[in-house]
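Here the structure comes first, spelled out in structure tokens, and everything after it is commentary.
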Amino acid sequence: MENSSQLGLVLKVILGCALVVIVVVGLLARQRREQQNRIRNRSRFNKRKFN
Numbered sequence: 015m016e017n018s019s020q021l022g023l024v025l026k027v028i029l030g031c032a033l034v035v036i037v038v039v040g041l042l043a044r045q046r047r048e049q050q051n052r053i054r055n056r057s058r059f060n061k062r063k064f065n
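Number 21 in the working numbering belongs to position 7 of the sequence shown; there are no gaps in the numbering.
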């Protein structure tokens with residue numbers, strides 16, 4: 015019985031870590047995308063201003 019409960023604990027920990035990693039990666043990807051969009055918009059505005 016102890017062995018199976020330990021396995022369950024290990025699985026829970028692994029799943030928890032995987033969830034945290036997925037969330038962090040998703041947030042970082044979203045931030046990077048927003049930064050790129052901001053840069054793109056800024057360059058578009060600058061071109062409009064100069065023309």
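Quick reminder that beta carbons are idealized off the backbone N, C-alpha and C, glycines included. Please read all numbers here as calculations on a predicted model, not as lab measurements.
Can you grab the Cα-Cα spacing for the pair residue i / residue j, in whole Å?
i, j, result
"GLY30", "ARG56", "39 Å"
"VAL35", "LEU41", "10 Å"
"GLN20", "VAL27", "11 Å"
"SER18", "VAL37", "28 Å"
"VAL24", "ARG52", "42 Å"
"ARG54", "ARG46", "12 Å"
"ARG44", "ARG58", "21 Å"
"GLU48", "GLU16", "48 Å"
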